[in-house]
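Going by numbering that gives the first Met the number 0, the sequence shown opens with residue 0, and the numbers climb by one from there.
Even for Gly, the Cβ is constructed at its ideal location relative to N, Cα and C.
Below is one structure, written out as structure tokens; comments come after it.
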Amino acid sequence: MSKIADRHNELVVVFHQEKEDRVMRMRFRLFDDGLGFRYEFDKQPNLNYFQVTDEHTEFALSGNHTAFWIPGDYDTNEYYYTKTRLLDVDASTVDGTGIGTHGYFHNHAVQSPLMMKTDEGLYINIFEAALVDYPAMHLMIDKKRMVLTSSLTPDALGTKAYMQTPHHTPWRTVIVSDKATDIVASKLILNLNEPSGIEDPSYIRPQKYIGIWWGMHVPNTMSWNYAHEPNIRLETTDWNALQPLPQHGASNKNVRRYIDFAAEHGFSSVLVEGWNVGWEDWAGNWKEEVFDFVTPYPDFDIKALNEYARSKGVKLMMHHETSSSVTNYERRIDKAIELMQQHGYDAVKTGYVGWIIPRGEKHDGQWMVNHFIRVAEKMAGARIMLNAHEAVRPTGLHRTWPNWVACEAARGNEFNAWSAGNPPAHETILPFTRLMGGPMDYTPGIFELKMDYYQPGNTNQVHTTLAKQLALYVTMYSPIQMAADLPENYEKRMDAFQFIKDVAVDWDDSRYLEAEPGEYLTVARKAKGSNDWFAGAITNENARTATFDLSFLDPGASYEATIYADAKNAHWQHNPGAYAIRRQKVNSKTVLKQALAPGGGVAISIKKSK
Numbered sequence: 000m001s002k003i004a005d006r007h008n009e010l011v012v013v014f015h016q017e018k019e020d021r022v023m024r025m026r027f028r029l030f031d032d033g034l035g036f037r038y039e040f041d042k043q044p045n046l047n048y049f050q051v052t053d054e055h056t057e058f059a060l061s062g063n064h065t066a067f068w069i070p071g072d073y074d075t076n077e078y079y080y081t082k083t084r085l086l087d088v089d090a091s092t093v094d095g096t097g098i099g100t101h102g103y104f105h106n107h108a109v110q111s112p113l114m115m116k117t118d119e120g121l122y123i124n125i126f127e128a129a130l131v132d133y134p135a136m137h138l139m140i141d142k143k144r145m146v147l148t149s150s151l152t153p154d155a156l157g158t159k160a161y162m163q164t165p166h167h168t169p170w171r172t173v174i175v176s177d178k179a180t181d182i183v184a185s186k187l188i189l190n191l192n193e194p195s196g197i198e199d200p201s202y203i204r205p206q207k208y209i210g211i212w213w214g215m216h217v218p219n220t221m222s223w224n225y226a227h228e229p230n231i232r233l234e235t236t237d238w239n240a241l242q243p244l245p246q247h248g249a250s251n252k253n254v255r256r257y258i259d260f261a262a263e264h265g266f267s268s269v270l271v272e273g274w275n276v277g278w279e280d281w282a283g284n285w286k287e288e289v290f291d292f293v294t295p296y297p298d299f300d301i302k303a304l305n306e307y308a309r310s311k312g313v314k315l316m317m318h319h320e321t322s323s324s325v326t327n328y329e330r331r332i333d334k335a336i337e338l339m340q341q342h343g344y345d346a347v348k349t350g351y352v353g354w355i356i357p358r359g360e361k362h363d364g365q366w367m368v369n370h371f372i373r374v375a376e377k378m379a380g381a382r383i384m385l386n387a388h389e390a391v392r393p394t395g396l397h398r399t400w401p402n403w404v405a406c407e408a409a410r411g412n413e414f415n416a417w418s419a420g421n422p423p424a425h426e427t428i429l430p431f432t433r434l435m436g437g438p439m440d441y442t443p444g445i446f447e448l449k450m451d452y453y454q455p456g457n458t459n460q461v462h463t464t465l466a467k468q469l470a471l472y473v474t475m476y477s478p479i480q481m482a483a484d485l486p487e488n489y490e491k492r493m494d495a496f497q498f499i500k501d502v503a504v505d506w507d508d509s510r511y512l513e514a515e516p517g518e519y520l521t522v523a524r525k526a527k528g529s530n531d532w533f534a535g536a537i538t539n540e541n542a543r544t545a546t547f548d549l550s551f552l553d554p555g556a557s558y559e560a561t562i563y564a565d566a567k568n569a570h571w572q573h574n575p576g577a578y579a580i581r582r583q584k585v586n587s588k589t590v591l592k593q594a595l596a597p598g599g600g601v602a603i604s605i606k607k608s609k
């Protein structure tokens, strides 16, 4: 919604350690839908600089609840979700194939946010807000006591955090309701973050973009690499002497093709991955010097391409894959920003694939948490929007740094291209877990859903129908949304592509109409500054009927709904590309019922009649 109310009662409890004469405060904020609390340490004579060896926050549970969980892992959150009872949680049963840095730290540990449901129908979400200068919180399950205990990400020495007073921890949060829709609609996490410190946010623009990206994930299409060369050295290689690969995605010709497509169909930006030297020799190598973030490959004319994009009313989006060599990125980031400003880039996608350097640090540790924030601050100072991938999961910090428009920080759509994929229930769980902390760049909009289209015999596929891919633009909130498929795949289905062109990314109002984690989600949103509404519904592997009560429409007004639905014979596994489009008149008294195929969905554009 365009305005969010912050209504809470606050209580501060002061604890005095008499022997050492130290004080700690616990601050509680109680909202209508839940609770936030944190630990605060004032500056005081006997407590200045100290180390946190552990935190023993406990959440006592009333029973063996049903949980939607991923394993406790300090370096990745790219697992699919498992639904079990808490007593049945066992991280060793989860397949981490395809995740380069996976390694759970305890069989009974899970990541937050943790979504649960009691046998009495109560929904409980445990998470944290405003994660700043502190490690991310995981949860250990004590199966004997039915208690969840906080487990902080350690550094290389095993220390959890280094603090100097005045300091405080992030908020620990509990959101509770007997309605699943209340959980996904909650603004508690956002309200516990500090207001924006950006004085002029005019450069922060919600937008849709396309990109040279999906072609690197599907078989036999594009590559990040410019050449096939096993002995690359960043500072000494003569890139002009190498023979370019014909499938290099970031070539001048291919980038111009994407720019033309974006301009023709009204997309703001074109993301280009694989534009900069170094891709040939980093995957699987724990290297310090991988990318310099300023040197383009010989077939990527950075000046000419940005000028061409501007002439078409389009901008290029920068890409910084750090390869998790974070010290290297921090040394070079100022020059990288200078290059972006020189050529007019106002958005960057960062990546952190691999094990962290400095070695021994973790993606979820205090050092990396601070790094992610430093990058957001630096980009804000340069008036650049940030979309971080493989980052620590968001905790509402986009309120404080609104230029941090989105993150990945979960198992994204690309896993469907080259792994066992994302189960059909995956997108019905993410709004109750990962998206509780902020927008996700899930990269929806895939139209060629089976990988045997690119490589005969390849059995991998996207585990949704085409209509569900459209619905994700509404059900998966983000102010920056990618039309992720190849332009030629859209050109074959322009009638369905019209929804992607039409759907908004900035909203005045959101209505969560029906929901059940792991089962289904139905959402309607009102486009910002417009009378248009867009609605979406998704399901898991089971077919069902979605219900859209349109009583939120203006009374007495007439609207036309364009409905992008699963065809009668659609099925995520057997016939995912089958869809049907129809139009009908609706008003505030209309209740639409729409059949969803297994793994399917429906997307609806609702425009007021003139």
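With a cut-off of 8 Å on Cβ pairs, the segment 581-601 is in contact with the segment 459-479, counting three or more such pairs.
Residue burial is scored here from C-beta neighbours: Y257 has at least 16 other C-beta atoms within 10 angstroms and is therefore classed as buried. When only Cα atoms are considered, Y133 and V374 end up about 16 Å apart. When DSSP reads this structure, E9 sits in a beta bridge with R28.
Nearest neighbour of L233 by Cα position, chosen from N253, N574, Y296 and V88, turns out to be Y296. Put simply, the backbone Cα of Y79 is about 15 Å away from that of E540. For the 8 Å CB-CB criterion, A379 and W400 form a contact. Taken atom to atom, the span from the alpha-carbon of N305 to that of G343 is near 7 Å. Rounded to the nearest angstrom, the Cβ distance from V183 to G33 is 13 Å, too far for a contact under 8 Å. Counting along the chain, the unbroken alpha helix (DSSP H) around S310 starts and ends at I301 to S310.
Secondary structure at S509: strand, using DSSP grouped into helix, strand and coil.
A contact is defined here as three or more CB-CB pairs under 8 Å, and the segment 345-363 meets this definition with respect to the segment 307-319. Burial is judged here by how many other beta carbons sit within 10 angstroms of a residue's own beta carbon; E447 has at least 16 and is buried. In this model, K588 and T474 are separated by some 23 Å (Cα to Cα). Between T544 and T521, the beta carbon gap of about 10 Å keeps them out of contact (Cβ cut-off 8 Å).
Between A226 and E279, the gap from beta carbon to beta carbon is short of 8 Å. By the CB criterion at 8 Å, T538 and I603 fall outside the cutoff.
At the C-beta level, N415 and P443 stay beyond 8 Å of one another. One Cα belongs to F551, the other to W417, and the distance between them is close to 41 Å.
In this structure, DSSP gives F496 a helical state, which the three-state scheme calls helix. The DSSP-derived three-state label of T168 is coil. With respect to the 8 Å criterion, T65 and K116 are classified as neighbours on the basis of their beta carbons. The continuous beta strand (DSSP E) containing L520 extends over residues Y519 to A526. Taking the Cβ atoms as the reference, L595 lies roughly 6 Å from D565, within the contact range of under 8 Å.
When secondary structure is reduced to three states using DSSP, V325 falls in the helix class.
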